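One structure is given here, and the rest of the page talks about it.
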Amino acid sequence: MTDEIKKAQCEKNLYDYLRDYARKNPKKPYLITDDRTIDYGEALMLAEQTAARLMECGVEKGDLVALRAERCPSAALLAISLCVFGGIAVMTDAHFRADEYIGQTGVGIEPDFYLTSEDGSDGKWMLKDGDYSDICDITPADFGLDVSAVVSAHDLVRPDDPFSVIFTSGSTGASKAVMLSHVNCIANPVDAMPLFEEDENDRAVAMLPLNHVFGFAVVSCATFCGHDVVFPTEVTADAVLGAIEKFGVTVMYSVPTFFLDMLSGGKHKKFDISSLRLGLMAGGPFTADQMRFIEGELGLRLMPGYGMSECVGISTTAYSASVEERAAGVGRLYPMTECDIVGENGEKLAAGEEGEIRVKGPTLMLGYYGDAEAMKAAFDELGRLRTGDIGYFDPDGILHISGRLKDIIIRGGENISAGKIERALLSLPGVYQAAAVGVRDEKYGETPCAMVVPKEGAKLTEDGLKKSLASCLSGHEIPERIKITSAFPLTSSGKPDKQKMKEMF
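For what it's worth, this note's numbering labels the leading residue of the sequence shown as 25, then goes sequentially.
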């Protein structure tokens, strides 16, 4: 695909793609639950009518609208409705009241409006003002409104205009408000879909929260391709496997912990999941052996991915690549992404040399909302994002992640990589999952500690693990304590919650 074609594709937003496919095939399924299927034609009507209602209530281009990002069709349509005329969706965690979530982020963002469903048991969505007082009912429905003003307003929306605000998970530090543009949202599927060979014949399953880039990417990629998305009632292994069987899901995006949970105890063997062809796995560490195991058990082609809230897509592999290539690291760079490995003095490093990963490209964020200092620190003099991740390129151009600059444990002045400890633990027989954290210590400042989930039937002990680690870690790198547990505490996006782990120690 030529750069000119990709550039033209990036100049359209989610509403444009929804409208294109609705006109092409209005009866094609788009958003699916156990109770209802919304086709492309109905989705377009709902998006335009809802946009008209929002504008009628005073919401304008550039307004910050906090959206309670439930993992459901209504929340997805409300986000698209805002992008019709340039409203900015501030995505909030649906486990909390929208105003409470905004307050606890500590960012200091003040939405002009709120779109929330927390007060209605029947799925009612209310528009509230900045003081959290009700304005009107915005439950998606055929309002019978004139949408000509909506269409005119859409003509004023530009690709580089803000589309959404996503709060980083804060799993290893303080949360930040990442502002993404329409281009940031669309450039990811523009680059990824040809690599994934994903098209209008696919059907995805939405398991991740819509207030995270990885979760919303399921909706944006489906809308770009013109295929449908299934929203399971619950996000448990059994519920997702049941949805795959019932609806013939072909594509799933998830984190390593969930893929492994699907296999725990042979859960996957109780369901017909033969429709699955593609899995994208990102959002946490995994080994090549784990990847081959998951791929073999689920009968799909599993592809690694690397990205973040600040830069939605950085690297992945092609669907056609061999299993050896797909299991080698986190893939090659997305075609429109630039990346350098940089040393301590800012010098560009050669293949095989380990340093900080710095990136730029069309999926790179507009910036951090209201935090000029964080913005200044996030970018270097060449406009590259300082990812805070440590990695290297191998001779074949495949990117490997070694750990995080911020995931460094400083024990008595010595820097210890949490990622190195995790990889060492994952290499041991009987270890299913592993996570390492730095725990405050009066003598050393910090000491490394770890949590381990054993494989089914494995009998692990703390002393046995420590003895095994002696062959691959230095003495000061071996965790002071190792907790063996049945499951990790997780963030809402499914990543190991290292802040909670520290508290547990």
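Beta carbons: idealized from backbone N, C-alpha and C, even for Gly. Bear in mind that the values here come from a model prediction, so they are computed numbers and not experimental data.
If we ignore side chains and look at the alpha-carbon of each, how far apart do A46 and K52 end up?
8 Å
Going straight from the alpha carbon of G250 to that of G111, what length do you get?
Going from the Cα of G250 to the Cα of G111 covers about 23 Å.
Could you give the first and the last residue of the continuous beta strand (DSSP E) run that contains G462?
That run of the beta strand (DSSP E) goes V455 to D465.
Say the cut is 7 Å; is the CB of K490 nearer than that to a heavy atom of the ligand MN?
Looking at this structure, you won't find the ligand MN or any other ligand, since it has none at all.
Nearest-angstrom Cα distance between I159 and D170?
20 Å
Look up K507 in the DSSP assignment and say whether it is helix, strand or coil.
strand
How about D413 and I381: are their beta carbons less than 8 Å apart?
yes
Once you ignore the five residues that flank K85 on each side, which residues in its own chain have a CB closer than 8 Å to its CB?
Contacts found: F109, G110, G111, A177, L180, V181 and D185.
Whole-number beta carbon distance between F238 and A306, since they are thought to touch under 8 Å:
6 Å
Taking a contact to mean a Cβ-Cβ separation below 8 Å, would you say F338 touches G415 in this structure?
Reading the sequence as shown, one finds Ile at residue 338 and not Phe. Contact: no.
Nearest-angstrom Cα distance between L88 and P328?
34 Å
DSSP state of N37 mapped onto helix, strand, coil:
It is coil, neither helix nor strand.
Please classify Y64: does DSSP put it in a helix, a strand, or coil?
Helix at Y64.
For G443, the first and last residue of its enclosing alpha helix (DSSP H):
A442 to L450
At 4 residues or longer, and completely inside the segment 139-223: list those alpha helix (DSSP H) runs for me, N to C.
172-178 and 206-220
Excluding sequence positions up to five away, which residues of its chain have a Cβ less than 7 Å from the Cβ of I502?
K490, L493 and A494
According to DSSP, residues forming a beta bridge with I414
I414 pairs with E380 and G427.
Going by DSSP in three states, T471 sits in which element: helix, strand or coil?
For T471, the secondary structure class from DSSP, reduced to helix, strand or coil, is strand.
Using a Cβ-Cβ cut-off of 7 Å (strictly less than) and excluding sequence neighbours within five positions of N49, which residues of its own chain qualify?
Y64
Quick one: any contact between the segment 201-219 and the segment 32-44, if contact means 3 or more CB pairs under 8 Å?
yes
Taking Cβ to Cβ, would you say D161 is nearer than 8 Å to M150?
yes
If you scan the segment 218-285 from start to end, which runs of the alpha helix (DSSP H) of 4 or more residues do you find wholly inside it?
237-249 and 261-271
Can you pull the DSSP bridge partners for Y330?
According to DSSP, which records beta bridges pairwise, Y330 is partnered with S339.
Same chain only: Cβ atoms within 7 Å of L265, ignoring 5 sequence neighbours per side
M286, K291, H292, F295 and I297
In angstroms with no decimal places, state the Cα-to-Cα distance between S510 and M475.
10 Å
Is it right to say S278 is buried, meaning 16 or more other beta carbons lie within 10 angstroms of its own, or is it exposed?
With 16 or more other CB atoms across the displayed protein chains lying within 10 angstroms of its CB, S278 is buried.
Which partner residues of I318 appear in the DSSP bridge assignment?
Looking at the DSSP assignment, I318 forms no beta bridge with any residue, so it has no partner.
Helix, strand or coil at L287 [DSSP, three-state]:
L287: helix per DSSP, three-state reduction.
Straight-line Cα distance separating F167 from T196:
Residue confidence for T196 is low, a pLDDT of 48 falling below 50, so the modelled location carries little weight; the figure read from the coordinates is stated next. Cα to Cα, T196 sits roughly 44 Å from F167.
Close Cβ partners of S441 (< 6 Å) along its chain, the five nearest in sequence each way excluded:
G427
So what does P53 bridge to, in DSSP terms?
D63
Identity of the residues DSSP links to M115 by a beta bridge
L91
Three-state secondary structure (DSSP) of E134:
coil
Taking M305 as part of the beta strand (DSSP E), name the residues at either end of that continuous run.
L302 to M305
Is it true that the segment 269-276 meets the segment 126-140, where meeting means three or more beta-carbon pairs spaced less than 8 Å apart?
Fewer than three beta-carbon pairs drawn from the segment 269-276 and the segment 126-140 are found closer than 8 Å, and the two stretches are therefore not classed as touching.
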